[in-house]
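Data first, discussion second: the structure below is written as structure tokens.
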Amino acid sequence: METLLDDDLAWRRAELVALARELERHERSAPDAPLTRALARGAVALLYAHWEGYAKEACEGYLNYVAVRKLRYEELSDGFLVTALKSLMRRLDAGDEAATLDTLDLVRRPGVARARVPKKAVINTRSNLRHDVLIEMFTAIGLPIDDFVTRKHFIDRSLCDARNEIAHGRLYFPESSTFEKSCDDVLDMLTRLRTTIIDHARDALYRYSATQKDVAEVQSA
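Numbering (this note's numbering), first residue to last: 8 to 228.
Below, the structure written as structure tokens:
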């Protein structure tokens, strides 16, 4: 999984850096040219695409990494446990006979029952990966939001709103210096996400532990 995350981030980084340099070159030589404006607008749209694309791919990769381990319900961290139980409830509501058997197994053999962590319909960017959507995604797979708490304005305004302005055909484009700063911020967020997921996988933080129990007791006290 680490190789996949690194490879996916590498080509996105190379593309964004190359685009930032090209935009800066055109802005120096012909700041008011239609091509310069078009490059700036395209850069904003592409920056958002890499933000949503990598976040979705990375979170889905981690979700699949945990799902294939077929852990017992009692072994899952809180985020994955809630996700698995919600999936089980949806399957019951849909009349899935296998879900009925899984529920009986969970109730009668709580220490043995294997959880079915769903691989689909969990990581949903809603085609507009705003801060609140990011929190929902992270919560579903037990990732901390700490590194992104102060990024709400940047994510919602500089990424999502700016992309939407262009997608809806409005005349909006940033200066190259603004794009370069936004590009650095996005790559920093993606790198932090990559590191967090790798650390969680390496340290098996998708598993429930006594440490997590102690933290939960302190928070509820």
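Yeah, the Cβ is synthetic: ideal placement off N, Cα and C, and Gly gets one too.
Task: Rounded straight-line distance, which links the Cα of Met144 to that of Gln226 - done: Bear in mind that the predicted position of Gln226 carries a pLDDT of just 47, short of 50, making it unreliable; the figure below should be weighed with that in mind. Taking the straight line joining both Cα atoms gives about 22 Å.
Open item on the list: With H, G and I counted as helix, E and B as strand and the rest as coil, what does DSSP make of Leu108?
Closed with: In the three-state scheme derived from DSSP, where H, G and I count as helix and E and B as strand, Leu108 is classed as helix.
Open item on the list: Please classify Val119 as buried or exposed, where buried requires at least 16 neighbouring CB atoms within 10 angstroms.
Closed with: exposed
- [ ] Report back the beta-carbon spacing between Thr43 and His33 to the nearest angstrom; my notes put them in contact at under 8 Å.
- [x] 4 Å
- [ ] Quick one: give me the first and last residue of the alpha helix (DSSP H) that Cys233 is part of.
- [x] The question about residue 233 has no answer here: the residues shown for the chain are numbered 8 through 228.
Task: 8 Å CB neighbourhood of Arg214 in its chain, flanking five on each side removed - done: Leu78, Glu82, Leu83, Ser84
Task: Beta-carbon gap between Ala91 and Ala128 smaller than 7 Å - done: No. Outside cutoff.
- [ ] Would you list the one or two residues that DSSP bridges to Arg79?
- [x] Arg121
TODO: On a CA-only basis, which of Leu166, Pro151, Val73 is nearest Lys126? Give me that one, please.
DONE: When each option's Cα is compared against that of Lys126, the closest is Val73.
TODO: Would you mind reading off the limits of the alpha helix (DSSP H) that contains Lys94?
DONE: Contrary to the premise, residue 94 reads as Ser rather than Lys in this sequence. Taken as a continuous stretch (DSSP letters only), the alpha helix (DSSP H) holding Ser94 covers 85-100.
TODO: Just the C-alpha distance for Thr107 and Asp192, rounded to the nearest angstrom, thanks.
DONE: Distance between the alpha carbons of Thr107 and Asp192: 47 Å.
- [ ] Measure how close the beta-carbons of Leu197 and Tyr61 come, nearest whole angstrom, since I'm counting them as under 8 Å.
- [x] 5 Å
Open item on the list: Rounded to whole angstroms, what is the Cα-Cα separation between Arg76 and Asn171?
Closed with: Using only the alpha carbons, I get a separation of about 39 Å.
Task: Meets three-Cβ-pair contact criterion under 8 Å: the stretch 139-157 and the stretch 95-109 - done: Short answer: they don't touch.
TODO: Excluding the 5 residues preceding and the 5 following Ala52 in the sequence, name in chain order all residues of the same chain whose CB lies nearer than 8 Å to its CB.
DONE: Correct list, in chain order: Arg170, Ile173, Ala174.
Task: Whole-Å CB distance - Ala208 paired with Met8, under 8 Å assumed - done: 6 Å
- [ ] Starting from the C-beta of His138, find all residues in its chain whose C-beta is less than 8 Å away, skip the five residues before and the five after it, and write them out in chain order.
- [x] Phe155, Arg158, Lys159, Ile162, Asp163
Task: For Arg137, three-class secondary structure by DSSP - done: coil
Task: Bridge-paired residues (DSSP) for Arg214 - done: DSSP lists Leu83 as partners of Arg214.
Task: Local conformation of Ala21 per DSSP, three classes - done: helix
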